[in-house]
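In full-length UniProt numbering, the protein residues as written are 1 to 512. All residues carry an ideal CB built from backbone N, CA and C; glycine is no exception.
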């Protein structure tokens with residue numbers, strides 16, 4: 001099935017309820033959709049992008065004329081297999097669909113209603129609704145950003161953003177690019193940049209790699225991860241890229257764009273070591289401090305969450321990938337950051353589990369294929385937990401931003417304003433800071449600044465505190481005209497007119 005824009009989808013796609021609606025066409029969503037379809041279910045696959053593959057398998061538009069887009073990717077054969085299975089299936093691919101809410105359905109046997117706005121940026125002329133008996137959330141993750149002086153200068157991009165620029169636009173963020181932050185993504189980004197022709201003077205890792213050595217059994221059970229690290233390490237050696245561990249970029253210098261960065265040694269809590277700063281000339285900085293599961297749709301429905309080893313929130317899932325809300329499954333990064341291979345395994349498990357529920361045949365989940373997938377998932381999930389613990393942000397990073405550093409870029413809220421809200425007005429959580437300063441009320445709705453605001457609100461010494469797993473009625477920005485055009489039944493409203501977000505109260509129980 002080719003990638004197709006949403007305006008080519010006919011109204012028939014929104015009529016009869018599906019057995020399964022999959023939200024997200026990345027590795028997990030594709031695996032879940034095609035597996036369920038191959039077992040005979042009717043499946044709708046919704047994604048905001050115009051093409052399948054998610055963030056991991058971003059690729060250039062055909063107009064750019066890339067001859068070998070697979071050269072920009074790791075494990076391309078796995079994606080090619082998924083794409084071939086999708087093309088051979090009867091999955092209805094709804095591209096350019098930005099899902100803003102999932103509500104309980106009330107008609108036609110559909111358990112759920114998935115609400116979306118269409119178009120490349122969600123600016124379509126009408127809202128759409130997809131009804132389904134079950135839902136699989138495969139919404140992925142977004143980057144964790146920790147602010148420091150100069151991080152808003154042109155030329156500073158997310159580490160994942162730099163990779164996306166290469167994969168989808170065939171462009172580099174600069175000619176001399178420092179890669180910094182924490183996590184294994186840095187090695188992949190640096191090797192890709194260097195291979196594409198950028199000069200990478202340094203990879204700056206705030207943590208170290210000794211944390212992996214504390215779990216030798218987990219490492220031995222995941223040899224492919226060691227192979228990946230060796231491949232990236234060999235690329236860095238080939239291009240003369242220096243790896244600096246226990247270090248962080250604590251300041252960016254420049255007027256109109258990046259001209260240099262200050263790299264400081266940090267202690268185990270990520271506190272800068274006085275007098276240990278070094279200036280490195282560059283014209284771009286690719287920086288990221290790991291990934292955060294994107295769980296807004298699930299927490300809006302009351303799904304239980306758990307704290308991950310790096311302080312984020314991920315969904316609580318059972319052995320078959322079902323959330324705490326019956327009829328709602330999740331796969332991939334929503335259950336914790338783990339990579340493409342883990343996402344595919346979880347998607348396969350979820351697809352089979354949904355089919356077993358729809359058909360009323362639990363035996364489908366007890367055969368050898370499912371047990372093999374579960375063993376693979378558990379092995380890779382154990383490695384993911386080790387990885388998260390090894391690269392967890394230290395509380396000392398809150399000393400990086402001075403009072404003039406912008407934390408919330410959308411609303412131009414500085415670290416000083418947040419500290420004032422804490423010390424002078426008694427704010428001790430992100431929500432109160434938000435009400436006092438508007439931090440997190442902008443277009444990104446706290447996706448960029450949420451972690452930083454929560455850490456600064458917690459005060460000195462608690463910099464590892466993440467944002468709470470909030471329950472929101474809208475997962476993405478929606479025009480008021482779209483909401484005004486909805487009938488109460490279309491919005492899944494209860495008798496009070498509020499969106500019907502059934503499930504347990506997340507204020508009462510958020511962690512496992």
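**Asked** Mapping DSSP to helix, strand and coil, what is residue 15?
**Response** Stepping through the chain shown from its first residue, residue 15 is reached at position 15. Coil at residue 15, not helix or strand.
**Item:** When 330, 289, 441, 342 are compared against residue 391, the one with the closest alpha-carbon
**Value:** On the chain shown, position 391 is the one that residue 391 refers to. Among 330, 289, 441, 342, the Cα nearest to that of residue 391 belongs to 289.
**Prompt:** When DSSP builds the beta bridges, which residues end up paired with residue 262?
**Reply:** Start at 1 with the first residue of the chain shown, and residue 262 comes out as number 262. According to DSSP, which records beta bridges pairwise, residue 262 is partnered with 251, 279.
**Request:** To the nearest angstrom, report how far apart residue 159 and residue 364 are at their CA atoms.
**Result:** One-based indexing of the chain shown puts residue 159 at position 159. One-based indexing of the chain shown puts residue 364 at position 364. Each residue's Cα considered, the two are about 41 angstroms apart.
**Range covered by the beta strand (DSSP E) that runs through residue 27** = Locating residue 27 in the chain shown gives position 27, where the first residue counts as 1. Premise fails: residue 27 lies in the alpha helix (DSSP H), 27–38, not in any beta strand (DSSP E).
**Asked** Alpha carbon to alpha carbon, what distance is there between residue 202 and residue 241?
**Response** For this step, residue 241 is matched to residue 241 along the chain shown. For this step, residue 202 is matched to residue 202 along the chain shown. Each residue's Cα considered, the two are about 6 angstroms apart.
**Prompt:** Does the beta-carbon of residue 175 have 16 or more other beta-carbons within 10 angstroms, so that it is buried, or is it exposed?
**Reply:** Indexing the chain shown from 1 puts residue 175 at position 175. Residue 175 is exposed by the Cβ-count criterion.
**Message:** Rounded to whole angstroms, what is the Cα-Cα separation between residue 86 and residue 255?
**Reply:** For this step, residue 86 is matched to residue 86 along the chain shown. For this step, residue 255 is matched to residue 255 along the chain shown. Taking the straight line joining both Cα atoms gives about 48 angstroms.
**Message:** Residues in the same chain with beta-carbon distance under 6 angstroms from residue 91, minus the five sequence neighbours each way, listed in chain order, please.
**Reply:** By one-based count along the chain shown, residue 91 stands at place 91. Excluding residues within five positions, the ones whose Cβ falls inside 6 angstroms are 33, 37, 43, 45.
**Item:** Runs of beta strand (DSSP E) lying entirely within the region 167–213, each at least 3 residues, in chain order
**Value:** 177–181, 202–205
**Prompt:** How many Å lie between residue 114 and residue 272 at the Cα?
**Reply:** The count along the chain shown starts at 1 and reaches residue 114 at position 114. The count along the chain shown starts at 1 and reaches residue 272 at position 272. When rounded, the distance between both Cα atoms is 47 angstroms.
**Prompt:** Is residue 303 helix, strand or coil by DSSP?
**Reply:** Along the chain shown, one-based indexing puts residue 303 at 303. Coil.
**Prompt:** Candidates 112, 219, 35: which alpha carbon is nearest residue 132's?
**Reply:** Numbered from 1 along the chain shown, position 132 holds the residue referred to as residue 132. It is 112 whose Cα lies nearest to the Cα of residue 132.
**Item:** Buried versus exposed, by CB contacts within 10 Å (16 or more), residue 59
**Value:** Counting from one through the chain shown, the residue named residue 59 turns up at place 59. Residue 59 comes out buried.
**Asked** Are there three or more Cβ pairs, one per stretch, closer than 8 angstroms when the region 430–448 is compared with the region 408–422?
**Response** yes
**Asked** How close, in whole Å, do the beta carbons of residue 346 and residue 332 come, if the pair is a contact with beta carbons under 8 angstroms?
**Response** Here residue 346 corresponds to residue number 346 of the chain shown, with the count starting at 1. Here residue 332 corresponds to residue number 332 of the chain shown, with the count starting at 1. So it is a contact: roughly 6 angstroms between Cβ atoms.
**Cβ-Cβ separation, residue 340 to residue 56 (assumed contact under 8 angstroms), whole Å** = Against the chain shown, residue 56 aligns to sequence position 56. Against the chain shown, residue 340 aligns to sequence position 340. Residue 56 to residue 340, Cβ: 5 angstroms. Contact.
**Message:** Please report the distance separating the alpha-carbon of residue 445 from that of residue 304.
**Reply:** On the chain shown, position 445 is the one that residue 445 refers to. On the chain shown, position 304 is the one that residue 304 refers to. Taking the straight line joining both Cα atoms gives about 21 angstroms.
**Asked** Does the pairing of the region 212–223 with the region 376–387 give three or more beta-carbon distances under 8 angstroms?
**Response** yes
**Item:** Start-end ranges of the beta strand (DSSP E) lying completely within the region 365–422, minimum 3 residues
**Value:** 406–408
**Asked** Hey, residue 136 and residue 281 are a contact pair by Cβ (cut 8 angstroms); roughly how many whole angstroms apart?
**Response** Position 136 of the chain shown, counting from 1, holds the residue named residue 136. Position 281 of the chain shown, counting from 1, holds the residue named residue 281. Wrong, their Cβ atoms sit about 47 angstroms apart, outside the cutoff.
**Request:** Following the continuous beta strand (DSSP E) through residue 330, name the residue where it begins and the one where it ends.
**Result:** For the purposes of this step, residue 330 is taken as residue 330 along the chain shown, with counting starting at 1. Residue 330 -> beta strand (DSSP E) spans 328–330.
**Prompt:** Is the Cβ-Cβ distance between residue 355 and residue 94 less than 8 angstroms?
**Reply:** Your numbering for residue 355 matches position 355 in the chain shown. Your numbering for residue 94 matches position 94 in the chain shown. No.
**Message:** Does the region 172–189 come into contact with the region 144–163, if we say contact requires no fewer than three beta-carbon pairs (one atom in each stretch) closer than 8 angstroms?
**Reply:** yes
**Prompt:** Expressed to the nearest angstrom, what Euclidean distance is found between the alpha-carbon atoms of residue 362 and residue 348?
**Reply:** Numbered from 1 along the chain shown, position 362 holds the residue referred to as residue 362. Numbered from 1 along the chain shown, position 348 holds the residue referred to as residue 348. Going from the Cα of residue 362 to the Cα of residue 348 covers about 16 angstroms.
**Item:** Among 316, 182, 169, 206, nearest to residue 63 - alpha-carbon criterion
**Value:** Looking up residue 63 in the chain shown gives position 63. Closest by alpha carbon: 169.
**Residues of its chain near residue 308, where Cβ-Cβ distance is below 7 angstroms and the 5 sequence neighbours each way are ignored** = Sequence index remark: in the chain shown, residue 308 carries index 308 (1-based). Same-chain partners within the cutoff: 314, 336, 388.
**Asked** With residue 134 and residue 358 assumed to form a contact (beta carbons below 8 angstroms), what rounded beta-carbon distance in angstroms separates them?
**Response** For this step, residue 134 is matched to residue 134 along the chain shown. For this step, residue 358 is matched to residue 358 along the chain shown. 7 angstroms between Cβ atoms; contact.
**Item:** Counted within 10 angstroms of its Cβ, other Cβ atoms place residue 443 as buried (16 or more) or exposed
**Value:** If you number the chain shown from 1, residue 443 lands on position 443. Its Cβ having fewer than 16 others within 10 Å, residue 443 is exposed.
**Item:** Rounded separation between residue 21 and residue 477 - CA only
**Value:** By 1-based counting over the chain shown, the position of residue 21 is 21. By 1-based counting over the chain shown, the position of residue 477 is 477. Taking the straight line from one Cα to the other gives about 21 angstroms.
**Asked** From 199, 188, 215, pick the residue whose C-alpha is nearest to that of residue 205; which is it?
**Response** Stepping through the chain shown from its first residue, residue 205 is reached at position 205. Cα-wise, what sits closest to residue 205 is 188.
**Asked** Taking the alpha-carbon positions, what's the residue 101 to residue 295 distance?
**Response** Taking the first residue of the chain shown as 1, we reach residue 101 at position 101. Taking the first residue of the chain shown as 1, we reach residue 295 at position 295. Using only the alpha carbons, I get a separation of about 12 angstroms.
**Asked** Candidates 179, 448, 319: which alpha carbon is nearest residue 375's?
**Response** Your numbering for residue 375 matches position 375 in the chain shown. Of 179, 448, 319, the residue nearest in Cα terms is 319.
**Request:** With distances taken Cα to Cα, identify the nearest neighbour of residue 78 among 370, 344, 393.
**Result:** For the purposes of this step, residue 78 is taken as residue 78 along the chain shown, with counting starting at 1. Checked all of 370, 344, 393; the closest Cα to residue 78 is 344.
**Cβ distance (whole Å) where residue 456 is taken to contact residue 407 below 8 angstroms** = For the purposes of this step, residue 456 is identified with residue 456 of the chain shown, where counting begins at 1. For the purposes of this step, residue 407 is identified with residue 407 of the chain shown, where counting begins at 1. So it is a contact: roughly 7 angstroms between Cβ atoms.
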